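In UniProt numbering, the protein residues as written are 1 to 498.
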């Protein structure tokens, strides 16, 4: 006799079906996950809750369900990375600079998921202004704690969850929310999804509106969903994508798409490119073994593995760490203490206020990137660094187009290793940057990419398989991920003790 699964064991699709069938109410679901958020505060995933607002949304969802109305995700709880502004919850971007800030409007992504019926549980921890690979850079105290603290990986609380969407990955992996939003600038959906054993997808740049997403690097930032399965991500991505021309000039004029429609398509004849540069000496043996086992499963499903080359992979790190800081230095110049956010208490004149406000409000990693960005944009260095980086970025994108003449999608590891210990790389920023070697190329090219649970490596930690598609090929990626998840159970496994 099988027992009825607990609410937190249900994925998005399963929970949506239960809600439509009225086997559970939206209020019951919201209360269940709010209780879990309090019970597992030690993981540091949540920064803020507003239970009154959450339950009001849930009651409205129940009323629509009772009337036979509502969106495809009606009543499904979701939590948002604290890089998206929200009316009913603080929006801090994990920074002292925005501590206590309350937005007068919702980000488009938040708005669209609400229109599809999602109920917001709260805001999730992230690296300050989304700058980091480990979620050790947040300057805001997590729910229930008195001081800022790193987010903890639920598979091993002594290890990082990845970043910058670490709070989002932990919330899903620890069953504190069925789904979460994340943002990916250089891998910040895919890497934490890999480290925490969940599924996450970054769509083609411009598929999802950036309106109301607190900016880090405007030509790279992209929103995406994080959930347990490809099926769940497909439902969420269908809801959050779509044009937003009046509010985001980088939004693509592409109609919303049902990314669930092709999930069950056969993989017979699918050509999967395997870049030799993703399997070099820097890849840990345990990660290599898990990824290669997943690729063998694809061969059993009818796919063909095709060797390809992405020759400028190594250049993606210096290119990214010139372009992204340059854009960050420009975007973060608005935080000067004049209009909103933190303002220094004691200062002598306007210039002194600027200096003290920014010195107090920004953390070490953000200051580091602002300084790098300001340097590479300065007179005499713009041509030598920033302009050259933009040229190589174009070449990296061209490498992918050459590769896609030989294959339909590209597969490889998400990161060179499993999650490391908290503090292990805190004093070595470059070591953190190197962890993004496999995710940065797709980000620089604006391509869709995702992380799919592919097994476990050293210390029993999760390993993710990265899938990269050509522009607007999200449906093909989700199909490939879903078919793998039909023959493996890694996405169903959960950390012990939760």
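Ideal Cβ positions, reconstructed from N, Cα and C, are used throughout, including at glycine.
Fair warning: this is a prediction, and the values are worked out from it, not measured in the lab.
Beta carbon of residue 445 nearer than 7 Å to that of residue 410 = Going by C-beta atoms, residue 445 is not nearer than 7 Å to residue 410.
With a CB to CB cut of under 6 Å and the five nearest residues on each side skipped, what residues in its chain are close to residue 265?
-> Cβ neighbours of residue 265 beyond the five flanking positions: 479.
Could you round the C-beta distance between residue 189 and residue 201 to whole angstroms and report it? I think they count as a contact, below 8 Å.
-> At roughly 7 Å, the Cβ-Cβ gap stays under 8 Å, so residue 189 and residue 201 are in contact.
Under 7 Å between the Cβ atoms of residue 128 and residue 168?
-> Between residue 128 and residue 168, the gap from beta carbon to beta carbon reaches 7 Å or more.
Compare the C-alpha of residue 32 against each of 176, 106, 149 and 150 and name the closest.
-> Ranked by Cα distance from residue 32, the options 176, 106, 149 and 150 are led by 176.
What are the boundary residues of the beta strand (DSSP E) that residue 236 is part of?
-> Residue range 230-240 is occupied by the alpha helix (DSSP H) that includes residue 236, with no beta strand (DSSP E) assigned at that position.
Under 8 Å Cβ to Cβ from residue 72, same chain only, skipping five residues before and after it: list those, please.
-> 16, 116, 117, 235, 238 and 239.
Count the CB pairs spanning the stretch 412-422 and the stretch 431-439 that are closer than 8 Å, and state whether there are at least three.
-> These segments touch.
Close beta carbons around residue 2, own chain, < 7 Å, minus the five adjacent residues each side = Reliability fails at residue 2, whose pLDDT of 47 lies under 50, so the model's placement of it is uncertain and the value that follows must be treated cautiously. Non-local C-beta neighbours of residue 2 in its own chain, meaning closer than 7 Å and more than five positions away in sequence, are absent.
Helix, strand or coil at residue 152 according to DSSP, with G and I counted as helix = Assigned with DSSP and collapsed to three states, residue 152 falls in coil, not helix or strand.
Length at least 4, wholly inside the stretch 110-181: the alpha helix (DSSP H) runs in chain order = Inside the stretch 110-181, DSSP marks whole alpha helix (DSSP H) runs of 4 or more residues at positions 166-173, from first to last along the chain.
Any contact of the stretch 364-382 with the stretch 326-343, i.e. 3+ C-beta pairs under 8 Å?
-> Short answer: they touch.
In chain order, what residues of the same chain have a beta carbon less than 8 Å from the beta carbon of residue 363, not counting five sequence neighbours either side?
-> Cβ neighbours of residue 363 within its own chain (closer than 8 Å, five residues either side excluded): 95, 96, 128, 137 and 139.
Contact under 7 Å by Cβ, residue 243 with residue 249 | Taking 7 Å as the Cβ cut-off, residue 243 and residue 249 do not qualify as a contacting pair.
Considering only residues of the same chain and omitting the five flanking positions on each side of residue 214, which have a CB-CB separation below 6 Å?
-> Hits under 6 Å: 83 and 93.
If you draw a straight line from the alpha carbon of residue 164 to that of residue 65, how long is it in whole angstroms?
-> C-alpha separation (whole angstroms): 35 Å.
8 Å Cβ shell around residue 105 - same chain, five flanking residues per side excluded | Sequence-distant Cβ neighbours of residue 105 in its own chain, meaning closer than 8 Å and more than five residues away, are 85, 87 and 212.
Look at residue 453 and residue 482 and say whether their C-beta atoms are less than 7 Å apart.
-> No, these two residues do not count as a Cβ contact at 7 Å.
Residue 567 (DSSP reduced to helix, strand or coil) = This structure leaves residue 567 out entirely; the chain is present only between 1 and 498.
State the DSSP-derived secondary structure class of residue 46, mapped to helix, strand or coil.
-> Secondary structure at residue 46: strand, using DSSP grouped into helix, strand and coil.
Spatially closest choice to residue 194 from 285, 439 and 61, by CA coordinates = Of the listed residues, the one whose Cα sits closest to residue 194 is 439.
Element boundaries [alpha helix (DSSP H), containing residue 413] = Unbroken run through residue 413 is the beta strand (DSSP E), 409-413; no alpha helix (DSSP H).
Tell whether a beta-carbon distance below 7 Å holds between residue 361 and residue 342.
-> Yes.
Buried or exposed for residue 42, please, with buried defined as at least 16 other CB atoms from any protein chain shown within 10 angstroms of its CB.
-> Residue 42 comes out exposed.
When burial is assigned at 16 or more other CB atoms within 10 Å of the CB, is residue 278 buried or exposed?
-> Under this definition residue 278 is a buried residue.
Which word fits residue 430, buried or exposed, when buried means at least 16 other C-beta atoms lie within 10 angstroms of its C-beta?
-> Residue 430 comes out exposed.
By the 10 Å Cβ neighbour count, where 16 or more other Cβ atoms means buried, how is residue 349 classified, buried or exposed?
-> Counting of Cβ neighbours within 10 angstroms places residue 349 among the exposed residues, the total staying below 16.
Expressed to the nearest angstrom, what Euclidean distance is found between the alpha-carbon atoms of residue 345 and residue 99?
-> In this model, residue 345 and residue 99 are separated by some 15 Å (Cα to Cα).
In chain order, what residues of the same chain have a beta carbon less than 7 Å from the beta carbon of residue 256, not counting five sequence neighbours either side?
-> Only 238, 241 and 242 meet the Cβ criterion.
Look up residue 2 in the DSSP assignment and say whether it is helix, strand or coil.
-> In this prediction, residue 2 scores a pLDDT of 47, lower than 50, which makes its location untrustworthy; no coordinate-derived value is stated.
Below 8 Å, can you find three or more Cβ-Cβ pairs linking the stretch 286-305 to the stretch 382-390?
-> The stretch 286-305, when compared against the stretch 382-390, does not touch it at the 8 Å Cβ threshold.
State yes or no: is the C-beta of residue 455 within less than 7 Å of the C-beta of residue 284?
-> No, Cβ-Cβ distance for residue 455 and residue 284 is not below 7 Å.
Close Cβ partners of residue 232 (< 8 Å) along its chain, the five nearest in sequence each way excluded | Around residue 232: 11, 12, 13, 178, 179, 199 and 225.
What are the complete beta strand (DSSP E) segments, minimum 3 residues, inside the stretch 280-356?
-> Given a length threshold of 3 residues, each whole run of the beta strand (DSSP E) inside the stretch 280-356 is given here in chain order: 304-308.
Terminal residues of the beta strand (DSSP E) in which residue 69 lies | Per DSSP, residue 69 belongs to no beta strand (DSSP E) and is neither H nor E.
Please say whether residue 75 and residue 61 have beta carbons closer to each other than 7 Å?
-> Taking 7 Å as the Cβ cut-off, residue 61 and residue 75 qualify as a contacting pair.
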